[in-house]
Amino acid sequence: MTAPVAITLTVNGERLTRLAEPRETLADFLRRDLGLTGTHLGCEMGVCGACLVMLDGTPVHSCLSFAVQADGSAVETIEGLTESAAVTDLQQAFHERNALQCGFCTPGMLVTAQGLLARKASPSREEIRDALSGNYCRCTGYEAIVDAIETVARRRAASREELPA
Amino acid sequence: MKAQAFSYVRPATIAQALDAFAGADGAATYIAGGQSLVPAMALRLQAPELLIDIAHLAELRGIALDEDGGLRLGALTRHAEAHDDPLIAAHAPLLALAAPFVAHPAIRNRGTLGGSVALADPASEFPAMMLALGATIEVAGPEGTRRIAAEDFFQDLYQTTMEPGELLVAFHIPAARPGDRCVFDELARRRGDYALVGCGVKLAMPAGTVDEARIAFLAVGPIPTRARNAEDALAGTRLDAEGIRAAQAALGADLDPQDDDQVPGAMRLHLARVLLGRLLGRLASAP
Ligand SMILES: Cc1cc2nc3c(=O)[nH]c(=O)nc-3n(C[C@H](O)[C@H](O)[C@H](O)COP(=O)(O)OP(=O)(O)OC[C@H]3O[C@@H](n4cnc5c(N)ncnc54)[C@H](O)[C@@H]3O)c2cc1C
Ligand code: FES
Ligand code: FES
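Those sequence lines, one after another, are chains H and G. 111 is the number that UniProt numbering gives to position 111 of the first sequence; each next residue is one higher, with no gaps. 238 is the number that UniProt numbering gives to position 238 of the second sequence; each next residue is one higher, with no gaps.
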């Protein structure tokens, strides 16, 4: 019974059914079975944050879940967040501020940033740093990442104010 | 590394979950949030043949007041809910205060209170806070359900009084009273790291003097530990400098941390004293 089982989930807005071995992590399922390699795998033990995806709207580690556990759920990967333009402003700000170098950590950083700004519209730098405590970056030294997220928080707040009441 | 092959079931009721466990001849493990179990399986520290996913058991959900005014927290309550829920903030504030110190935001979105307490990692925040709050733990097994005081629940390193196959169903926490004051903090090398020492304090101070103190430490020994001598030293005081110093001194009789590869035991005891002094000072100067 360790044989593959059928799971049905919504990935980046598309409902799909696939066979998955129970031992397969959600990260491996996304990367290998669906070819969504924007989800990165570093430590495979919940420490580096490269593998973060949105599961039913909140950031979770795809290395800390088996694909079978996500049966019935909705997953959004960096590909989906990019396509829906949900993180375009974050991506732009990361680019402007040089908040990425090799880019390995970036998909996870963007998911964390998106999750943070959904919970808290105007986080302090301290709160941004706190939110990033589970995301490792070996290149940038974090300062530029905090800057980029802070910039987007301000821009989003400003554009909300401009909306007619 | 990758987990060894296993089969997976997703029961809908406690009865089905217990049956699945009973039928697996000791080779099954429950999975809730998976935030400790999945990495343990990836490292092959654990290799169950059957994984029983309890994350969909409605009986293990819910945050509500009991008939007696206490709080019932389903085992599946997530770390993030402990942080955000208004009933928890009102009746079990120590859980809300400790939640930001548990791991990282994404782990808190998945990890459950039941998983944290069932695992009984001595460096974990929630088990110690269950002690400080005087929680009772409801457990279901083949013979029915029983309730265990948090006091009696933790036995040794990663060991609890739950029998293999028993399910942690819910926590029952006595209602908060007016004049209760709570505070939590910990010392760690980096944000999100497991604490070198952590402490939660709950004082009943309806009229300026300490009627009752409950103080629980984490990461000072094999199980979360109540500091009863320090509690006694505080009782009856007005939380003045003298009372605080007496409580700090009394910790020597409560805690006996051993040397480990992080810090010597004597340093951990020193840090525990420093931390308790800060926490009580904070409570004393709060309006
Ligand atoms: C990088 C990282 C950092 C972390 N840092 C911290 C930290 O600072 N502090 C901290 O406290 N924790 C920390 N954790 C652990 C985290 O809090 C876990 O989520 C929690 O300990 C387990 O909850 P879970 O629901 O994920 O349990 P699972 O991983 O699903 O299960 C853990 C164990 O409990 C058993 N179990 C789960 N639920 C039940 C139940 N209802 N009845 C009976 N048995 C059950 C399982 O069989 C398993 O043996 C960290 C984890 C990671 C990956
Ligand atoms: S790969 Fe998941 S946290 Fe590192
Ligand atoms: S940009 Fe290289 S790890 Fe962050």
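Every residue gets a Cβ at the ideal spot worked out from N, C-alpha and C, and that includes glycine.
Please classify H/Asn98 as buried or exposed, where buried requires at least 16 neighbouring CB atoms within 10 angstroms.
Within the first sequence, the letter at position 98 stands for residue 98 of chain H. It is exposed - the Cβ of H/Asn98 has fewer than 16 other Cβ atoms within 10 Å.
H/Gly57 versus H/Glu14: straight-line alpha-carbon distance, rounded:
For this step, residue 57 of chain H is matched to residue 57 along the first sequence. For this step, residue 14 of chain H is matched to residue 14 along the first sequence. Between H/Gly57 and H/Glu14, the C-alpha separation is close to 15 Å.
Closer than 9 Å at the beta carbon, the chain G residues around H/Leu90:
As a working mapping, residue 90 of chain H is identified with position 90 in the first sequence. Near H/Leu90 there are no residues of chain G at all, since even the closest Cβ is about 16 Å away, more than 9 Å.
Assigned exposure category for G/Lys202 - 16 Cβ within 10 Å defines buried:
Along the second sequence, read from residue 1 onward, the residue named residue 202 of chain G stands at position 202. The residue is buried, with at least 16 neighbouring Cβ atoms inside 10 Å.
How would you call H/Cys102, buried or exposed, if buried means at least 16 neighbouring beta carbons within 10 angstroms?
Residue numbering aside, residue 102 of chain H sits at position 102 when the first sequence is read from its first letter. By the 10 Å Cβ count, H/Cys102 comes out exposed.
Would H/His95 pass as an interface residue toward chain G - the criterion being a Cβ-Cβ separation below 7 Å?
Numbered from 1 along the first sequence, position 95 holds the residue referred to as residue 95 of chain H. False, the Cβ-Cβ gap to chain G never drops below 7 Å.
Kindly examine ligand 1 and report whether one of its heavy atoms sits closer than 6 Å to the Cβ of G/Tyr8.
Residue numbering aside, residue 8 of chain G sits at position 8 when the second sequence is read from its first letter. Not under cutoff, so the answer is no.
CB contact flag (G/Ala253, G/Asn229, <7 Å)
The sequence position of residue 253 of chain G within the second sequence is 253, counting from 1. The sequence position of residue 229 of chain G within the second sequence is 229, counting from 1. Cβ atoms of G/Ala253 and G/Asn229: closer than 7 Å.
Would G/Leu251 pass as a contact of G/Ala272 if the rule is Cβ separation under 7 Å?
Here residue 251 of chain G is taken as the residue at index 251 of the second sequence, counted from 1. Here residue 272 of chain G is taken as the residue at index 272 of the second sequence, counted from 1. Contact: yes.
Can you name the start and end residues of the alpha helix (DSSP H) that G/Gln4 belongs to?
The residue labelled residue 4 of chain G in the question sits at position 4 within the second sequence. Careful: G/Gln4 lies outside any alpha helix (DSSP H) and carries neither H nor E.
I'd like to check one pair, G/Leu239 with G/Ala284: are the Cβ atoms closer than 7 Å?
Within the second sequence, residue 284 of chain G is the residue found at index 284, counting from 1. Within the second sequence, residue 239 of chain G is the residue found at index 239, counting from 1. A contact, by the Cβ cut-off of 7 Å.
Residues around ligand 2, please: the condition is that the C-beta lies closer than 6 Å to some non-hydrogen atom of it.
H/Leu41, H/Gly42, H/Cys43, H/Glu44, H/Gly46, H/Val47, H/Cys48, H/Gly49, H/Ala50, H/Cys51, H/His61 and H/Cys63
Cα separation between G/Ala149 and G/His270?
For the purposes of this step, residue 149 of chain G is taken as the residue at position 149 of the second sequence. For the purposes of this step, residue 270 of chain G is taken as the residue at position 270 of the second sequence. Near 29 Å, if we compare the C-alpha coordinates of G/His270 and G/Ala149.
Taking Cβ-Cβ distances shorter than 7 Å, what residues in chain H pair up with G/Ser124?
Position 124 of the second sequence holds residue 124 of chain G. Near G/Ser124 there are no residues of chain H at all, since even the closest Cβ is about 15 Å away, more than 7 Å.
Reference H/Gly35, options H/Asn12, H/Pro22 and H/Val47, closest by Cα:
Taking the first sequence and counting its residues from 1, the one referred to as residue 35 of chain H is at position 35. When each option's Cα is compared against that of H/Gly35, the closest is H/Asn12.
In this structure, what does DSSP give as the bridge partners for G/Thr77?
Counting from 1 along the second sequence, the entry for residue 77 of chain G is found at position 77. Partner(s): none; G/Thr77 has no beta bridge.
Three-state secondary structure (DSSP) of H/Met54
Translated into positions along the first sequence, residue 54 of chain H becomes position 54. Note: H/Met54 maps to strand in three-state DSSP.
Using only the alpha-carbon positions, how far apart do G/Ala42 and G/Asp152 sit?
Indexing the second sequence from 1 puts residue 42 of chain G at position 42. Indexing the second sequence from 1 puts residue 152 of chain G at position 152. Straight-line Cα distance between these residues: approximately 32 Å.
Any contact between the stretch 108–125 of chain H and the stretch 53–70 of chain H? By contact I mean 3 or more CB pairs, one from each, below 8 Å.
yes
How big is the Cα-Cα spacing for H/Asp71 and G/Gly33?
The residue labelled residue 71 of chain H in the question sits at position 71 within the first sequence. The residue labelled residue 33 of chain G in the question sits at position 33 within the second sequence. Going by the C-alpha atoms only, they are around 14 Å apart.
For G/Ala80 and G/Arg110, I'd like the C-alpha separation in whole angstroms.
Position 80 of the second sequence holds residue 80 of chain G. Position 110 of the second sequence holds residue 110 of chain G. Approximately 8 Å between the Cα atoms of the pair.
H/Val60 CB to nearest chain G CB: under 7 Å?
Here the question's residue 60 of chain H lines up with position 60 in the first sequence. It does; some Cβ of chain G falls within 7 Å.
Look up H/Gln91 in the DSSP assignment and say whether it is helix, strand or coil.
In the first sequence, the residue the question calls residue 91 of chain H occupies position 91. In this structure, H/Gln91 counts as helix in the three-state DSSP scheme.
Three-state secondary structure (DSSP) of G/Gln248:
Reading the second sequence from its first residue, position 248 is the one you call residue 248 of chain G. G/Gln248 falls in the helix class under three-state DSSP.
Given the structure, does G/Arg228 come close to ligand 5, in the sense that its CB is under 6 Å from one of the ligand's heavy atoms?
Annotation note on ligand 5: not contained in the displayed structure, which lists ligand 1, ligand 2 and ligand 3 as its ligands.
Could you check whether the stretch 126–139 of chain G touches the stretch 147–165 of chain H, counting it as contact only if at least three pairs of C-beta atoms, one from each stretch, sit closer than 8 Å?
no
Looking at G/Phe171 and H/Thr2, is the spacing between their C-beta atoms short of 7 Å?
By 1-based counting over the first sequence, the position of residue 2 of chain H is 2. By 1-based counting over the second sequence, the position of residue 171 of chain G is 171. Not closer than 7 Å, so no.
Measure from the alpha carbon of H/Ala20 to the alpha carbon of each residue in H/Ala27, H/Ala6 and H/Arg32, then state which is nearest.
Numbered from its first residue, the first sequence carries residue 20 of chain H at position 20. Comparing Cα-Cα distances from H/Ala20 to each of H/Ala27, H/Ala6 and H/Arg32, the minimum goes to H/Ala6.
Which whole runs of the beta strand (DSSP E) in the UniProt domain "2Fe-2S ferredoxin-type" (5–81) of chain H are 3 residues long or more, in chain order?
5–11, 14–20, 52–55, 58–61 and 74–76
Determine, using beta-carbon pairs with one atom in the stretch 85–94 of chain G and one in the stretch 3–21 of chain G, whether at least three such pairs fall under 8 Å.
no
By the 8 Å beta-carbon criterion, what residues does the stretch 33–53 of chain H contribute toward chain G?
Glu44, Met45, Gly46, Gly49 and Leu52
Per-residue contacts from G/Pro39 into chain H (C-beta, under 7 Å):
Mapped onto the second sequence, residue 39 of chain G falls at position 39. Correct list: Met45, Gly46 and Leu64.
By the DSSP assignment, the alpha helix (DSSP H) with G/Asp259 in it spans what residues?
The sequence position of residue 259 of chain G within the second sequence is 259, counting from 1. Taken as a continuous stretch (DSSP letters only), G/Asp259 belongs to no alpha helix (DSSP H), as it is neither H nor E.
Nearest-angstrom Cα separation, counted from G/Gly265 out to G/Val9:
The residue labelled residue 9 of chain G in the question sits at position 9 within the second sequence. The residue labelled residue 265 of chain G in the question sits at position 265 within the second sequence. Cα to Cα, the separation comes out at about 44 Å.
Ignore the nearest five residues each way along the sequence and tell me which others in G/Met162's own chain have a CB closer than 6 Å to its CB.
In the second sequence, the residue the question calls residue 162 of chain G occupies position 162. Once the five neighbours on either side are set aside, the close Cβ partners of G/Met162 are Val139.
Status (buried if at least 16 other CB within 10 Å, exposed otherwise) for G/Pro86:
Position 86 of the second sequence holds residue 86 of chain G. Looking at its Cβ environment, which holds fewer than 16 other Cβ atoms inside 10 Å, G/Pro86 is exposed.
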